[in-house]
Structure formats: C-alpha cells, structure tokens
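Enquirer:
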C-alpha cells in the first residue's frame, strides 16, 4: 500500500470512504437504477459465493479517497446526501447500509475523527465503520482467530 | 484509491478499551480530577520516566473502560456516560491548551471493523472533542 497522509507519518494511510450497501439478494443494476448513479464498485450476490467479504451477498458501493478523514468523507458525503430518502427505503427493505472508512495500518496506527464529522454522518442516520487494512496481517489474523475460537476443554 | 475491493474477511477489534485522555506538558492531575468531579482510572505526572520515550514528558489524566464483556462501541458509551455532563469542563480544558480526546484502542489485522451507530456518534460529537482511533498488531 502506498501513499502518505497530510497529518503525520503515524496515521492510517491510503484512506478511502465508502457508502456500502449489501444484501443477500442485491441486484447491482436494480440499485443503480433506483439510486440514479453508477457505483464505483459492485458485486452481484451470486458472483462470488465464497468471497471472504460477506460471501454470497451482493454489494453496491460509492467510494472516495482522501488524505485524512475530513478529506475522504468530505468527498463522499455530498454524493450520499441526495440519496438519503432512497437509502432509507432500501434499509426498510432489509439492505445493510453504512459509511465505511478504511485505511492501511502497516506504517501508521492512529486515525483522528473530528466531532463535526461524526455529527455529519450521524445526521444521515447511517452507521459509521472503520476498517483496518494490512498487507502483513497473517500473524495478526492467526492471533485474532485464536481469540475467536472456543476454548478447548 | 486502493485497487482491491472488499477482499478481506470482517472481524472485530480485539482486546479493546475506550479512554478519555487529557494531556498537557504541565498537567496537574489532581486539578483535573477536581474540575471534572470524576476520579480517573489512571494518571501520570509530567516529566521523564524510565518507560517513556525521551520526548514524551507530558502529564496524563485518563478515564478508561476496558471491560472485556463489552464491545468497543459499548465501552465508548460507558466513557461518554461518565463524562457527557462535564462537556463544558472538557471545552474549558481544551481552550486552556490541554489535548482532550476520546481514544478507542484495539488489536487489529486485515479487515478488522469498528462500527459506531448514529446515536453513539452524536453523543461523542456532543463532547466537542475528537475521536482518536489507535490500533496495534499482535506483536506483544
């Protein structure tokens, strides 16, 4: 993963902000028509049933990038705001809708989220998630898997 | 922009805690305790110490929830429960040069997710301080 941050070498890198919509029977073309804008990423529910990310579930996403959280979300939220009525309808139909901020943590371990940004996303009524990306995650994943495993008796 | 799109398996952050952090070079922990009317879970006096890096001499006042039975969002809620009526004092401390943050910490790997619901996000925002995420790998 490459790229630097505008706010210090110890911060998450290569930040992206995503409006992410998922559902088991999601049809990307239908969603594009309803939302009136093409996705930056989509996957039909049956495209990759064995996918590591929500396998067997369809995805539709708008995505932006930025040097920090205000930058990444500042580019995304104006695209999301006009869709908020339709997003509410999709949620009522069982779609999972969220705003996700993702970044690389191999070289920086901090991420600052200003209170105004939290309020702005909350004002849309959407959950805000933060996802870490790591190219050196094997040891960590084994460690986390060991935590998730039931204790042997 | 990353080229890979959602190729990871999602998992939660592990061994988490949420902490209100008040930091200042000349911090007086007892004065912060008195002004907030809240006992800290830990404090650190300013000055050099054996386990700190040479440049890290600031004083700290901490109020932490690390209850293992709670998820990180609930740990955040517990800290906000304790301090939200004192938001005015937090503003004063920040205006006086204290660095005041709500810090969420956890061990993570590729695809580790922390999800904050709108109600909790609004409560954090009402404190008028930033949320700072800090993560660590498994190297311990």
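Chains as they are written, first to last, in our numbering: chain A, 27 to 179; chain B, 25 to 164.
Think of the CB as a built atom: it goes at the ideal place given N, C-alpha and C, for glycine as much as any other residue.
(1) Report yes if the CB atom of residue 100 of chain B is closer than 8 Å to the CB atom of residue 141 of chain A, and no otherwise.
(2) Between residue 34 of chain B and chain A, is any beta-carbon pair separated by less than 8 Å?
(3) Terminal residues of the continuous beta strand (DSSP E) containing residue 80 of chain A?
(4) If you count every other CB in all the chains shown that lies within 10 Å of the CB of residue 140 of chain B, and 16 or more means buried, which is it?
(5) Any heavy atom of the ligand GTP closer than 7 Å to the beta-carbon of residue 86 of chain B?
(6) Taking only beta-carbon positions, decide if residue 39 of chain A is within less than 8 Å of chain B.
(7) With a CB to CB cut of under 6 Å and the five nearest residues on each side skipped, what residues in its chain are close to residue 154 of chain A?
(8) Using DSSP bridges, identify the partner residues of residue 87 of chain B.
(9) Tell me whether the segment 78-98 of chain A and the segment 42-62 of chain A touch, counting them as touching only if at least three CB pairs, one residue from each stretch, are closer than 8 Å.
(10) How would you list, in chain order, the residues of chain A whose beta-carbon sits under 8 Å from the beta-carbon of residue 31 of chain B?
(11) Please check if any C-beta of chain A sits within less than 8 Å of the C-beta of residue 121 of chain B.
(12) Note the first and the last residue of the continuous alpha helix (DSSP H) segment covering residue 2 of chain B.
(13) Less than 8 Å separating the beta-carbons of residue 150 of chain A and residue 95 of chain A?
(14) In or out: residue 69 of chain B buried (at least 16 other Cβ within 10 Å) or exposed?
(15) List the residues of chain A whose Cβ lies closer than 7 Å to the Cβ of residue 148 of chain B, in chain order.
(16) Less than 8 Å between CB atoms is the rule here; does residue 42 of chain B satisfy it with respect to chain A?
(17) Starting from residue 66 of chain B and walking both ways along the beta strand (DSSP E), at which residues does that stretch end?
(18) Can you have a look at residue 172 of chain A and say buried or exposed, based on whether 16 or more other CB atoms are within 10 angstroms of its CB?
(19) In the DSSP output, what is residue 154 of chain A paired with across the bridge?
(20) Can you have a look at residue 121 of chain B and say buried or exposed, based on whether 16 or more other CB atoms are within 10 angstroms of its CB?
(21) Who are the Cβ neighbours of residue 78 of chain A in its own chain at under 7 Å, not counting the five residues just before and after it?
(22) List the DSSP bridge partners of residue 90 of chain A.
(23) State the CB to CB distance for the pair residue 36 of chain B and residue 95 of chain B, rounded to an integer number of angstroms; the pair is presumed to be in contact (CB under 8 Å).
(24) Check each candidate in A:106, A:132 and A:134 and name the one with the smallest Cα separation from residue 61 of chain A.
(25) For residue 128 of chain B versus residue 42 of chain B, is the C-beta spacing smaller than 8 Å?
Expert: If we stick to the structure as given:
(1) no
(2) yes
(3) Per DSSP, residue 80 of chain A belongs to no beta strand (DSSP E) and is neither H nor E.
(4) buried
(5) In the structure shown, the ligand GTP is absent, as is every other ligand, since no ligand is present at all.
(6) no
(7) 125 and 147
(8) B:44
(9) yes
(10) 77, 78 and 79
(11) no
(12) Outside the shown range of chain B, which is 25 to 164, sits residue 2 of chain B, and nothing can be said about it.
(13) no
(14) exposed
(15) 141 and 144
(16) no
(17) 66-68
(18) Only weak support is given to the placement of residue 172 of chain A: the predicted model assigns it a pLDDT of 48, under 50, and the question is left unresolved by the model.
(19) A:125 and B:140
(20) exposed
(21) none
(22) A:43
(23) 7 Å
(24) A:106
(25) yes
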